[in-house]
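Have a look at the structure below before the remarks.
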Amino acid sequence: AQSVTQLGSHVSVSEGALVLLRCNYSSSVPPYLFWYVQYPNQGLHLLLKYTTGATLVKGINGFEAEFKKSETSFHLTKPSAHMSDAAEYFCAVSNTGGFKTIFGAGTRLFVKA
Amino acid sequence: DTEVTQTPKHLVMGMTNKKSLKCEQHMGHRAMYWYKQKAKKPPELMFVYSYEKLSINESVPSRFSPECPNSSLLNLHLHALQPEDSALYLCASSQPASGGAAKNIQYFGAGTRLSVL
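Keeping their order, the protein sequence lines are chains A and B.
Using the numbering used here, read the first sequence as starting at 2 and increasing by one per residue.
Using the numbering used here, read the second sequence as starting at 11 and increasing by one per residue.
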């Protein structure tokens, strides 16, 4: 079985500060890992993904995440927060063969001016 | 084009009404999904179609009836809904099973905001 835990339902940062959103996963098989962002009244947009290969993954809008197998983590970072980054962020895991993607509970990011 | 289009954007219906949600994609994806998302919660999988055949039904009540008329279209027929069914309904699509690593990447539509009165 697979699961995802996002630490912190709310994260608040100042504009220009580092963004760190935490995600830990559980999977009995090599996982595919994703971060999605959801703005109000919109669907989910894929920020980045890890499938195989390089463990540091770069995504859109300056976000990146590092797959750490030993820590079963896939934390999302951005060096400098922008007001437009305020949104809900979901970490997700799936396996290589199925259709099911398991989403974490989500982290709401607030960016203060 | 990585767009999944959902219509309508908003829908208000009474408990005795029959309505349908529509989803369309032209990315050649052969897997299509319906999710239900309540406020401040992650999406919950409802149905998955693979090659126009129902592959997964997550024990969804029969008042929700999915349909996949062709590889580009996915419908969700609604009948006799309850107020607790009010939510954002999201459609997604992904690459076919032969797509390797790409097959788990789901592209989402903007959703239909449903209110049941």
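Beta carbons: idealized from backbone N, C-alpha and C, even for Gly.
Residue closest to residue i, alpha-carbon to alpha-carbon, out of the options
{"i": "SER71 (chain A)", "options": "A:SER13, A:ASN25, A:LEU49, A:GLN39", "result": "A:ASN25"}
{"i": "SER28 (chain A)", "options": "A:VAL12, A:LEU19, A:LEU45, A:PHE75", "result": "A:PHE75"}
{"i": "LEU84 (chain B)", "options": "B:GLY119, B:ARG123, B:SER96", "result": "B:GLY119"}
{"i": "PRO18 (chain B)", "options": "B:VAL58, B:ASN80, B:ALA49, B:LEU100", "result": "B:LEU100"}
{"i": "ILE115 (chain B)", "options": "A:PRO32, A:VAL20, A:LEU21", "result": "A:PRO32"}
{"i": "HIS46 (chain A)", "options": "A:PHE64, A:LEU19, A:SER15, A:ALA114", "result": "A:PHE64"}
{"i": "SER72 (chain B)", "options": "B:LEU88, B:GLY24, B:VAL58", "result": "B:LEU88"}
{"i": "TYR61 (chain B)", "options": "B:TYR43, B:THR15, B:LYS28, B:ALA97", "result": "B:TYR43"}
{"i": "ALA41 (chain B)", "options": "B:ASP95, B:GLU13, B:LEU64", "result": "B:LEU64"}
{"i": "ARG123 (chain B)", "options": "A:GLN43, A:ALA55, A:ALA114", "result": "A:GLN43"}
{"i": "VAL73 (chain A)", "options": "A:ALA87, A:VAL30, A:SER13, A:PHE111", "result": "Val is not the amino acid found at residue 73 (chain A); the sequence shown has Thr there. Of A:ALA87, A:VAL30, A:SER13, A:PHE111, the residue nearest in Cα terms is A:VAL30."}
{"i": "PHE100 (chain A)", "options": "B:MET25, B:TYR45, B:LEU21", "result": "B:TYR45"}
{"i": "GLN16 (chain B)", "options": "B:PHE57, B:GLY121, B:LEU127", "result": "B:GLY121"}
{"i": "ALA97 (chain B)", "options": "B:GLU68, B:PRO79, B:PRO53", "result": "B:PRO53"}
{"i": "ALA102 (chain B)", "options": "B:CYS33, B:MET23, B:LEU21, B:LYS28", "result": "B:CYS33"}
{"i": "LEU21 (chain A)", "options": "A:GLU67, A:THR53, A:ALA55", "result": "A:GLU67"}
{"i": "GLY54 (chain A)", "options": "A:LEU77, A:LYS69, A:TYR40, A:ARG109", "result": "A:LYS69"}
{"i": "HIS39 (chain B)", "options": "B:ALA49, B:GLU68, B:VAL14", "result": "B:VAL14"}
{"i": "ASN90 (chain B)", "options": "B:THR26, B:LEU21, B:LYS48", "result": "The displayed chain sequence assigns Ala, not Asn, to residue 90 (chain B). Here the closest residue by C-alpha is B:THR26."}
{"i": "MET84 (chain A)", "options": "A:LYS59, A:LEU77, A:TYR40", "result": "A:TYR40"}
{"i": "ALA49 (chain B)", "options": "B:CYS78, B:GLN105, B:ASP95, B:TYR117", "result": "B:ASP95"}
{"i": "TYR51 (chain A)", "options": "A:TYR90, A:ASP86, A:ASN96, A:LEU110", "result": "A:ASN96"}
{"i": "LEU31 (chain B)", "options": "B:GLN105, B:TYR59, B:GLU77", "result": "B:GLU77"}
{"i": "GLN105 (chain B)", "options": "B:TYR59, B:LYS29, B:PRO79", "result": "B:TYR59"}
8 Å contact criterion, which residue i and residue j should meet: CB distance rounded
{"i": "LEU57 (chain A)", "j": "TRP36 (chain A)", "result": "In fact, because the Cβ distance is near 13 Å, the residues do not count as touching under 8 Å."}
{"i": "ALA82 (chain A)", "j": "GLY9 (chain A)", "result": "With a Cβ gap of about 15 Å, ALA82 (chain A) and GLY9 (chain A) do not count as contacting."}
{"i": "CYS92 (chain A)", "j": "GLN7 (chain A)", "result": "5 Å"}
{"i": "ALA88 (chain A)", "j": "VAL38 (chain A)", "result": "5 Å"}
{"i": "VAL126 (chain B)", "j": "GLN92 (chain B)", "result": "6 Å"}
{"i": "VAL94 (chain A)", "j": "LEU19 (chain A)", "result": "With 8 Å as the limit, VAL94 (chain A) and LEU19 (chain A) do not qualify as a contact, their Cβ atoms being about 24 Å apart."}
{"i": "LYS79 (chain A)", "j": "SER15 (chain A)", "result": "About 13 Å; that fails the 8 Å criterion."}
{"i": "ILE66 (chain B)", "j": "PHE74 (chain B)", "result": "Actually they do not touch by this definition, with Cβ atoms about 13 Å apart."}
{"i": "TYR117 (chain B)", "j": "MET37 (chain B)", "result": "7 Å"}
Those residues which DSSP pairs with residue i across a bridge
{"i": "PHE91 (chain A)", "result": "A:TYR37"}
{"i": "HIS87 (chain B)", "result": "B:SER30, B:SER75"}
{"i": "LEU110 (chain A)", "result": "A:VAL12, A:ALA88"}
{"i": "ILE103 (chain A)", "result": "A:VAL94"}
{"i": "LEU64 (chain B)", "result": "B:TYR59"}
{"i": "ALA41 (chain B)", "result": "B:SER60, B:SER104"}
{"i": "THR78 (chain A)", "result": "A:LEU21, A:GLU65"}
{"i": "HIS20 (chain B)", "result": "B:ARG123"}
{"i": "ALA97 (chain B)", "result": "B:LEU124"}
{"i": "GLU72 (chain A)", "result": "Beta-bridge pairing links GLU72 (chain A) to no other residue."}
{"i": "GLN35 (chain B)", "result": "B:VAL14"}
{"i": "ASN114 (chain B)", "result": "ASN114 (chain B) pairs with nothing; no bridge assigned."}
{"i": "VAL5 (chain A)", "result": "A:TYR26"}
Next item on the list: Report the residue ranges of all alpha helix (DSSP H) runs contained in full by the stretch 21-59 of chain A; include only those spanning at least 4 residues, in chain order.
Entry: none
Check: Any chance the stretch 104-111 of chain A sits against the stretch 70-84 of chain B, with 3 or more Cβ pairs inside 8 Å?
Finding: no
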